[in-house]
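J.: Protein chains in written order, with the UniProt record's numbering: chain A, 1 to 637; chain B, 1 to 301.
Heads up, the beta-carbon is just placed ideally off N, CA and C, and yes, glycines get one too.
Everything numeric in this text was worked out from a predicted model, so none of it was measured.
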């Protein structure tokens, strides 16, 4: 085989041929290392990965024949094999000559199985690299020996460190092109050390290699007699990673699924995020704080005496305590905290920029809650590492933010526990994963901020008024008739001796919300405040009526979430844009069309109509009086 | 220091975690069961994930009526053993038109498998389907997500796929959309075989060498599995000791000549072999280089 150093690492055919059972026995005891390679095509990253696959015999004859043919046709290495072609991906990318996603490759040696996350360069780099790095134990940072430490080297190193990768390999590639010069290697290593310590990387392993020629990949190369090792593969095989460190931490198991095959069995299924657990161990269920002990560790292969970090198991508990998906079973004497306000680093991954104040789904371990993010405290320039002022985060933006959740979550700092500190944000409308985040710490402990218990509760206030509180939330285009109909509804309620309060959009903007404009962020804050006020009023027992354009579904859903089930009644005043514009009661459409009003709903700002409103009023089919009667019928009927 | 968990332990734990995560958001999940070795491992993992409950979803076999007889036998046995419901779906239009691999070429796969799968998912309203695809099988699959999103028409849009960080999967979807979930994405062919050996998982006997009636056609060794196999003039089935590296429709699946009749021998042969697993499959080769990717966009796995 060309260019393959005759290393003992891969000489296994003999054992396979002679004693397959001995081979399999040995092979079954292998561990797993996941790593990421960072660098652009120019650094020879694809060539290196192709080389690893090739040298570990993951390339079969039919693939090799195709590779040789492709190398001659489109390769960049003349008549020699272009390993980079092995790891090329989707057809569209191939045509453009770029890769735009994360690919996973597999190879195996005598000691370990490897999963390589291959993340390409270019604009999507941050998103892809963070994704690939999130599951990696180790990062190989590639440097072109001719170029030295570049901006992108800093970027890759910063991202690897940010995501908490403890093992960094600095692979100084293309040593063949600098005559295997020790001075070049030393100079680059020194420069990198200076930079690395700046960002907090205290330890790394530098290896001079040639992915193309195969130097110091599987075995030490004769071309670099000054390098004492280890070769890349040797290092990857021996670096200590994985379970030991996680097992030493306190026990945590986020509950994924409650296993209830019959009335006699209730098990809690999940994967151990850290620590170990044995039957008889005292545990605490979070967030409830209830304590009990582990009864059994149940698997299809029989009960276990012990389970360790990384294993997926089903636990049964000695006592009948409440426990469901999203709860965390933890060591009783070292439980994690719960909180609802945090500082975190966010990596923005969506084309649409972050909207401060908007509610997103936050998923952390098996917990899903609603979360809002404040404008960033600062954004980090991944190239210079400078902290910049920012109002939002765009695609690939990284920033430090404060966020709050609608109920406390059980967590640990990301640095202590990746499972209980890493999260994703999900857009509530598109369901896209828009950000990845890492919790730093809680801003205050939610468990210490108790609701002040009052003796008179909302039910008592409402019953004194002899009514059920409700929030009639009118939504619709400007000029659709919201205020007119809302006003009629309140008049009718008043005549019926119902206690009500009408919050009108224009009126609120004269006082409570006079500091807000009409940008998307301000509109969201406008609705949030109105929602909170409406909630207080409904707690007071009132029937609250609001008339706001409230164009975004996400914010209407946010207010719905603030109120007890059934109390939020969405009233969609459905007037087509053309009709509202024809009426143009306040002359606003004319102004907007003339360009004198910016961000006008329906013209240059979207209106997201309700999908399933409780009440829909077609103003082209009924009079305001009829509409008001219908709404009251539905409210009181 | 040695790791407590081996690579197979870790792969197993990851796959189980994935299957349990699906249960959090899925309204009506189903497991696609093709009876091959990957399906066998996936089914075994599902039984482990939910034990002592049976897996909380049915098995779906999108049948072409042209599978090996031995596959049908194992399918029925495993469904009974696992305590899961088995749904067998055969595209009625393909059935009515008598679509077969001998006369209809690529249309056979398209109608029975691609169309059949879409029809079956729509008919039952399944919103999540587990599949046994692996990233190491084929180049375009190296980038496939574990949770792969499909539009209401089952299309796959590379731009709509979500980043997957840590072990956090976002399984939220709009009405009508569906997800294909690949819990054994990170397993390689060797992992599969080792796990079958370690866990003693039943697989179709065709994976082991035995004398079987075969004919050589277009460079492939085809097994004459039943009397629907039209012999060309001059063709006579010859008993050869053969086995299969992958299983599909018998007229489309090439056998390899082999004496490997035990699991160890099969693994041995696999490790010493010089051709890739999918080489014996006709399906990858229609349409050239990007054919798997094209098929995926059309809704095939």
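Residue 630 (chain A) CB to nearest chain B CB: under 8 Å?
T.: Locating residue 630 (chain A) in the first chain gives position 630, counting from the first residue. It does not: the Cβ of residue 630 (chain A) has no partner Cβ on chain B nearer than 8 Å.
J.: Is it right to say residue 349 (chain A) is buried, meaning 16 or more other beta carbons lie within 10 angstroms of its own, or is it exposed?
T.: Start at 1 with the first residue of the first chain, and residue 349 (chain A) comes out as number 349. Burial call: buried.
J.: Just to check my reading of the structure: residue 589 (chain A) and residue 479 (chain A) have Cβ atoms closer than 8 Å, yes? What is that Cβ distance to the nearest angstrom?
T.: As a first step, residue 589 (chain A) is located in the first chain; it is residue number 589 there, counting from the start. As a first step, residue 479 (chain A) is located in the first chain; it is residue number 479 there, counting from the start. Right, the Cβ-Cβ distance comes to about 7 Å (below 8 Å), so this counts as a contact.
J.: Is the separation between the beta-carbon of residue 355 (chain A) and that of residue 521 (chain A) shorter than 8 Å?
T.: Taking the first residue of the first chain as position 1, residue 355 (chain A) is located at position 355. Taking the first residue of the first chain as position 1, residue 521 (chain A) is located at position 521. Going by C-beta atoms, residue 355 (chain A) is nearer than 8 Å to residue 521 (chain A).
J.: Which residues in chain A sit within 8 Å of residue 186 (chain B), going by Cβ to Cβ distance?
T.: As a working note, residue 186 (chain B) is residue 186 in the second chain. By Cβ distance, chain A contributes 104, 106 and 115.
J.: Do you know how far the Cα of residue 290 (chain A) is from the Cα of residue 318 (chain A)?
T.: As a working note, residue 318 (chain A) is residue 318 in the first chain. As a working note, residue 290 (chain A) is residue 290 in the first chain. Their backbone Cα atoms lie some 12 Å apart in a straight line.
J.: Under 8 Å, CB to CB, which of the residues in the segment 309-332 of chain A have a partner in chain B?
T.: Those would be 310, 311, 312, 314 and 325, in chain order.
J.: Determine the DSSP secondary structure at residue 478 (chain A), reduced to helix, strand or coil.
T.: The residue given as residue 478 (chain A) occupies position 478 in the first chain. Coil at residue 478 (chain A), not helix or strand.
J.: Tell me the rounded alpha-carbon separation between residue 149 (chain B) and residue 155 (chain B).
T.: In the second chain, residue 149 (chain B) corresponds to position 149, counting from 1. In the second chain, residue 155 (chain B) corresponds to position 155, counting from 1. Each residue's Cα considered, the two are about 8 Å apart.
J.: Can you look up residue 223 (chain B) in the DSSP assignment and give me helix, strand or coil?
T.: In the second chain, residue 223 (chain B) corresponds to position 223, counting from 1. In the structure shown, residue 223 (chain B) sits in a strand (DSSP, three-state: E or B).
J.: Hey, does residue 259 (chain A) have any beta-carbon neighbour from chain B nearer than 8 Å?
T.: Here residue 259 (chain A) refers to the residue found at position 259 of the first chain. Yes, because at least one Cβ of chain B sits closer than 8 Å to the Cβ of residue 259 (chain A).
J.: So what does residue 348 (chain A) bridge to, in DSSP terms?
T.: Here residue 348 (chain A) refers to the residue found at position 348 of the first chain. In DSSP, residue 348 (chain A) forms a bridge with A:435.
J.: Measure the alpha-carbon distance for residue 366 (chain A) versus residue 262 (chain A) and round it to whole angstroms.
T.: Locating residue 366 (chain A) in the first chain gives position 366, counting from the first residue. Locating residue 262 (chain A) in the first chain gives position 262, counting from the first residue. Answer to the nearest angstrom: the Cα atoms are 24 Å apart.
J.: Would you kindly work out how many angstroms separate the C-alpha atoms of residue 471 (chain A) and residue 119 (chain B), rounded to a whole number?
T.: Here the question's residue 471 (chain A) lines up with position 471 in the first chain. Here the question's residue 119 (chain B) lines up with position 119 in the second chain. Going by the C-alpha atoms only, they are around 44 Å apart.
J.: Among A:117, A:345 and A:273, whose alpha-carbon lies nearest the alpha-carbon of residue 335 (chain A)?
T.: The residue you call residue 335 (chain A) lines up with position 335 of the first chain. Taking only the C-alpha atoms, the option nearest residue 335 (chain A) is A:273.
J.: For chain A, check one thing: does any of its Cβ atoms lie closer than 8 Å to the Cβ of residue 28 (chain B)?
T.: Here residue 28 (chain B) refers to the residue found at position 28 when the second chain is read from its first residue. So, not an interface residue.
J.: Indicate whether at least one CB of chain A lies closer than 8 Å to the CB of residue 37 (chain B).
T.: As a first step, residue 37 (chain B) is located in the second chain; it is residue number 37 there, counting from the start. It does not: the Cβ of residue 37 (chain B) has no partner Cβ on chain A nearer than 8 Å.
J.: List, from N- to C-terminal side, the alpha helix (DSSP H) runs of 4 residues or more that fit wholly inside the segment 231-266 of chain A.
T.: Listed in chain order, they are 232-238 and 243-247.
J.: Would a C-beta distance cut-off of 8 Å place residue 32 (chain B) and residue 171 (chain B) closer than the cut-off?
T.: On the second chain, position 32 is the one that residue 32 (chain B) refers to. On the second chain, position 171 is the one that residue 171 (chain B) refers to. In this structure, residue 171 (chain B) does not lie closer than 8 Å to residue 32 (chain B) by Cβ.
J.: Identify every residue that forms a DSSP beta bridge with residue 276 (chain A).
T.: Residue numbering aside, residue 276 (chain A) sits at position 276 when the first chain is read from its first letter. The partner list for residue 276 (chain A) (beta bridge, DSSP) reads A:308.
J.: How would you label residue 146 (chain A), buried or exposed, when you count the other beta carbons within 10 angstroms and need 16 or more for buried?
T.: Residue mapping note: residue 146 (chain A) aligns to position 146 of the first chain, counting from 1. It is exposed - the Cβ of residue 146 (chain A) has fewer than 16 other Cβ atoms within 10 Å.
J.: Residue 342 (chain A) and residue 441 (chain A): beta carbons closer than 8 Å?
T.: As a position in the first chain, residue 342 (chain A) is number 342, starting the count at 1. As a position in the first chain, residue 441 (chain A) is number 441, starting the count at 1. Yes; because the gap between Cβ atoms is below 8 Å, this pair is in contact.
J.: According to a CB-to-CB cut-off of less than 7 Å, which residues of the segment 159-191 of chain A neighbour chain B?
T.: Against chain B - using a Cβ distance shorter than 7 Å - the segment 159-191 of chain A contributes no residues.
J.: Tell me, which residues are paired with residue 208 (chain A) by DSSP?
T.: Here residue 208 (chain A) corresponds to residue number 208 of the first chain, with the count starting at 1. Beta-bridge pairing links residue 208 (chain A) to A:172.
J.: Per DSSP, which one or two residues make a beta bridge with residue 32 (chain B)?
T.: In the second chain, the residue the question calls residue 32 (chain B) occupies position 32. In the DSSP output, where bridge partners are listed per residue, residue 32 (chain B) has B:60.
J.: Distance, Cα to Cα, residue 595 (chain A) vs residue 519 (chain A)?
T.: Numbered from 1 along the first chain, position 595 holds the residue referred to as residue 595 (chain A). Numbered from 1 along the first chain, position 519 holds the residue referred to as residue 519 (chain A). Spanning the two alpha carbons is a distance of roughly 16 Å.
J.: Using a Cβ-Cβ cut-off of less than 7 Å, give me the residues of the segment 133-155 of chain B that come near chain A, in sequence order.
T.: Listed by position, the residues of the segment 133-155 of chain B near chain A (Cβ gap below 7 Å) are 135, 136, 139, 140, 142 and 143.
J.: Per DSSP, which residues does residue 441 (chain A) bridge with? Please list them.
T.: The residue labelled residue 441 (chain A) in the question sits at position 441 within the first chain. DSSP, once it has assigned bridges, lists A:343 as partnering residue 441 (chain A).
J.: Who are residue 387 (chain A)'s beta bridge partners in DSSP?
T.: Within the first chain, numbered from 1, the residue matching residue 387 (chain A) stands at position 387. Answer by DSSP bridge pairing, in chain order: A:380.
J.: Assign residue 246 (chain A) to one of two classes, buried (16 or more other C-beta atoms within 10 Å of its C-beta) or exposed (fewer than that).
T.: By 1-based counting over the first chain, the position of residue 246 (chain A) is 246. By the 10 Å Cβ count, residue 246 (chain A) comes out buried.
J.: On a Cα-Cα basis, can you pick out the residue from B:218, B:202, B:257 and B:227 that is closest to residue 210 (chain B)?
T.: For the purposes of this step, residue 210 (chain B) is taken as residue 210 along the second chain, with counting starting at 1. Minimum Cα distance to residue 210 (chain B) is reached at B:257.
J.: List the residues of chain B whose Cβ lies closer than 9 Å to the Cβ of residue 555 (chain A), in chain order.
T.: Within the first chain, numbered from 1, the residue matching residue 555 (chain A) stands at position 555. In chain order: nothing, as chain B lies at least about 18 Å away.
J.: Could you compute how far the alpha carbon of residue 135 (chain A) sits from the alpha carbon of residue 392 (chain A)?
T.: To locate residue 135 (chain A), count along the first chain from 1; it is residue 135. To locate residue 392 (chain A), count along the first chain from 1; it is residue 392. One C-alpha to the other measures close to 27 Å.
J.: Could you work out which residues of chain A lie near residue 78 (chain B), taking near to mean beta carbons separated by less than 9 Å?
T.: Looking up residue 78 (chain B) in the second chain gives position 78. Neighbours of residue 78 (chain B) on chain A: none; closest Cβ ~15 Å, over 9 Å.
J.: According to DSSP, residue 473 (chain A) sits in a beta bridge with which residue or residues?
T.: As a working note, residue 473 (chain A) is residue 473 in the first chain. Beta-bridge pairing links residue 473 (chain A) to A:546 and A:570.
J.: How do the segment 202-211 of chain A and the segment 171-178 of chain A stand: do at least 3 beta-carbon pairs fall below 8 Å, yes or no?
T.: Contact between the segment 202-211 of chain A and the segment 171-178 of chain A is present, because at least three Cβ pairs lie under 8 Å.
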